[in-house]
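For the sequence shown, UniProt numbering gives the first residue as 1, with consecutive numbering after it.
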Amino acid sequence: MKPELENTPPIKKKKTFMERFKYKWSNDPLFSILIALIIMVILQTLTLGFDYNSVGEWFQSWTSNWINILRNNAGVGIVALGMTFVIMTGGIDLAVGSTLVITGAFAMYLLDTGSAGILGAIGVSGVPAIILTIILVMGFGYLLGALIGVTITKGNVPPFIATLGAMMIFRSVTQHFAQGYNTSVPMEFLQISSLKIGNFMIMPIFYWAVIAAILYYVSKRTTFGRQIIAVGSNERAAKLSGINVNKVKLRVYALMGLLVSVAAIIQVSRIGSMDFSNAGRGMEMDAIAAAVVGGTNMLGGRGFILGTVYGMLIIAVMNNLLNLFGVPPYLREAFKGIIVIVAVLLQRKEKNA
Numbered sequence: 001m002k003p004e005l006e007n008t009p010p011i012k013k014k015k016t017f018m019e020r021f022k023y024k025w026s027n028d029p030l031f032s033i034l035i036a037l038i039i040m041v042i043l044q045t046l047t048l049g050f051d052y053n054s055v056g057e058w059f060q061s062w063t064s065n066w067i068n069i070l071r072n073n074a075g076v077g078i079v080a081l082g083m084t085f086v087i088m089t090g091g092i093d094l095a096v097g098s099t100l101v102i103t104g105a106f107a108m109y110l111l112d113t114g115s116a117g118i119l120g121a122i123g124v125s126g127v128p129a130i131i132l133t134i135i136l137v138m139g140f141g142y143l144l145g146a147l148i149g150v151t152i153t154k155g156n157v158p159p160f161i162a163t164l165g166a167m168m169i170f171r172s173v174t175q176h177f178a179q180g181y182n183t184s185v186p187m188e189f190l191q192i193s194s195l196k197i198g199n200f201m202i203m204p205i206f207y208w209a210v211i212a213a214i215l216y217y218v219s220k221r222t223t224f225g226r227q228i229i230a231v232g233s234n235e236r237a238a239k240l241s242g243i244n245v246n247k248v249k250l251r252v253y254a255l256m257g258l259l260v261s262v263a264a265i266i267q268v269s270r271i272g273s274m275d276f277s278n279a280g281r282g283m284e285m286d287a288i289a290a291a292v293v294g295g296t297n298m299l300g301g302r303g304f305i306l307g308t309v310y311g312m313l314i315i316a317v318m319n320n321l322l323n324l325f326g327v328p329p330y331l332r333e334a335f336k337g338i339i340v341i342v343a344v345l346l347q348r349k350e351k352n353a
C-alpha cells in the first residue's frame, strides 16, 4: 500500500539568521532599541580612538568616559522611569523640571548650615539631619506629585494643562522665595553622590540601577503594573473591569513626584547647590524622549522600563558623540527632536501593520 502522503505534515523550513533578525527587529521593540544602542556605542568607541600606549590605558579612558556619561544622566534617567509610567496611563508630566527645582530648594533650606537652615535652627545636625532631609524631601515630592494627580483626576483637568500650570507655579514660587539665597550644604551630604567606589564616583549610577530594577518588577509582576497598562489601553474597559482609574492615575503622578525628589537630592548632593532659574529646564523633554525612544507608546497602554533605560543611554551616547564631533550645543536639541519624531513614526507604522 502506498503511504498517504496527503496526511504527512509539511516540513517547516528553518529560518535563516537574517530572517530571524528581521522578525525580531520588526516585532520586538526592546531588541531593535538594543541593536541601535550597540551600534551607537561602537560609533562612540571608534570616535574616541585607540591612540593609547596600552590596552589598559585605553580601557581606563573608555571606562572613565562611560562613567561620566552615566553619572551625568542618572538624574534624568530616574525621572524618565517615572515618565514611562505616566505616559503608559495616557498622561504627560511637564512639571518635572520645576518639581526638581522646588524640592531641591527645600532640601537646601533644610540642610543649610547658615542662619537660614531650618533643621539647624531646631538643633538637628549631622547624619540625623541628612536622613531627616531625605525623608522630608521625598515626602514633599510625593505630595507635589499627588497634588498634580488630584488636579487631573478630581478636577478633570487634562494632564497637559495641569502639569503646564504646575511647571510655572513651582519654579516661580521657588525663584521668589530663594532670590539672593546663598547656600552652605554640609560636606557629609555631598557624599550621597560623591562617595567613591574604587577610583570612581558611581553612586548616582547605583541609585538609577536600583530604582530601574524595582520599577521593572513593579511593571511586570504587580497588580499596580497591570492596572497602569489597562488604564492606558482602554480607560472605559478598565473602569468596567473594576479598576479604580483615578486612584491608579493619582498613584502614578505621586510616584513621579517621588522620583523627581530623588533626582533633586542627587543633583544637590553632586554640586552642593542649584541654579533655581535654569536647573531642570528641558528635563521633561529628555525624560519623554527617553521613554518614547525606549518603545513607550505616547497614546498609552504600552511601555518598557528596560526600554526607557536603553532610550536614555541612546540619547546620552548621542549627546556625547555630538560633543566629540564638535556640533554646537544649540543644534544638539535638533538631533534629539529628530530621534523622538522617528521613534513615534515607527510606532505608528507598527500599529498600522
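By construction, the Cβ of each residue, glycine as well, lies at the ideal position given by its N, Cα and C atoms. The structure presented is a predicted model; accordingly, all values stated were derived computationally and were not measured.
Check	Outcome
Sorted by chain position, which residues of the same chain lie with C-beta nearer than 8 angstroms to residue 190's C-beta, five sequence neighbours on each side aside?	269, 270 and 272
When burial is assigned at 16 or more other CB atoms within 10 Å of the CB, is residue 28 buried or exposed?	exposed
If you run the structure through DSSP and keep just helix, strand and coil, what is residue 197?	strand
Less than 6 angstroms between C-beta atoms, sequence neighbours within five positions excluded: which residues of the same chain meet that for residue 167?	94, 95 and 98
Are the Cβ atoms of residue 104 and residue 256 separated by less than 8 angstroms?	no
How about residue 311 and residue 100: are their beta carbons less than 8 angstroms apart?	no
For residue 283, which of helix, strand or coil comes out of DSSP?	helix
Can the beta-carbon of residue 294 be found less than 8 angstroms from the beta-carbon of residue 307?	yes
I'd like to know if the region 142-151 and the region 198-213 are in contact, where contact means that at least 3 CB-CB pairs between them fall below 8 angstroms.	no
Below 7 angstroms CB to CB, which residues in the same chain sit around residue 134 once its five sequence neighbours on both sides are set aside?	265
Do residue 108 and residue 16 have their C-beta atoms closer together than 8 angstroms?	no
Quick check: the region 20-34 against the region 297-307, are there 3 or more CB pairs under 8 angstroms?	yes
Figure out for me which residue from 84, 42 and 260 has the closest Cα to the Cα of residue 218.	84
Just confirm the distance between the C-beta atoms of residue 287 and residue 336, as a whole number of angstroms; I'd bet it's less than 8 angstroms.	The pair is not a contact, with the Cβ atoms about 12 angstroms apart (cut-off 8 angstroms).
Looking at C-beta atoms only, is the number of pairs between the region 235-255 and the region 116-128 that lie closer than 8 angstroms three or more?	no
Just verifying my parser: in three-state terms, what is the DSSP assignment at residue 20?	helix
Taking its Cβ as the centre, do 16 or more other Cβ atoms sit within 10 Å of residue 263, making it buried, or is it exposed?	buried
If we ignore side chains and look at the alpha-carbon of each, how far apart do residue 137 and residue 111 end up?	11 angstroms
What is the DSSP secondary structure of residue 109, counted as helix, strand or coil?	helix
When the Cα of residue 186 is compared with those of 117, 78, 86 and 161, which residue comes out closest?	117
Taking residue 245 and residue 231 to be in contact with their CB atoms under 8 angstroms, please state how far apart those CB atoms are, rounded to whole angstroms.	5 angstroms
So is residue 60 buried or exposed if we call it buried at 16+ other beta carbons inside 10 Å?	exposed
Report the three-state DSSP secondary structure of residue 181 (helix, strand or coil).	coil
Return yes when the Cβ of residue 40 is within less than 8 angstroms of the Cβ of residue 314, no when it is not.	yes
Alpha helix (DSSP H) containing residue 149: first to last residue?	126-153
Whose C-beta lies closer than 6 angstroms to the C-beta of residue 91 among residues of the same chain, with five residues either side of it excluded?	159
Exposed or buried, which one is residue 221 when buried takes at least 16 other CB atoms within 10 Å?	exposed
For residue 1 and residue 20, what's the separation of their Cα atoms in angstroms?	Only weak support exists for where residue 1 lies, its pLDDT of 49 falling under 50; the value from the coordinates is given anyway. Those two C-alpha atoms are separated by around 41 angstroms.
Taking all protein chains shown into account, decide if residue 213 is buried (16 or more other Cβ within 10 angstroms of its Cβ) or exposed.	exposed
Return helix, strand or coil for residue 52, following the three-state DSSP convention.	coil
Let me check understanding here. Comparing Cα to Cα, which of 249, 334 and 196 lies closest to residue 67?	196
Closer than 7 angstroms by C-beta to residue 113: which residues in its own chain qualify, once you throw out the five before and the five after it? Chain order, please.	120, 184 and 186
Consult DSSP for residue 94 and reduce its assignment to one of helix, strand or coil.	coil
May I have a chain-ordered list of the alpha helix (DSSP H) segments no shorter than 4 residues that lie completely inside the region 189-260?	203-221, 223-233 and 235-240
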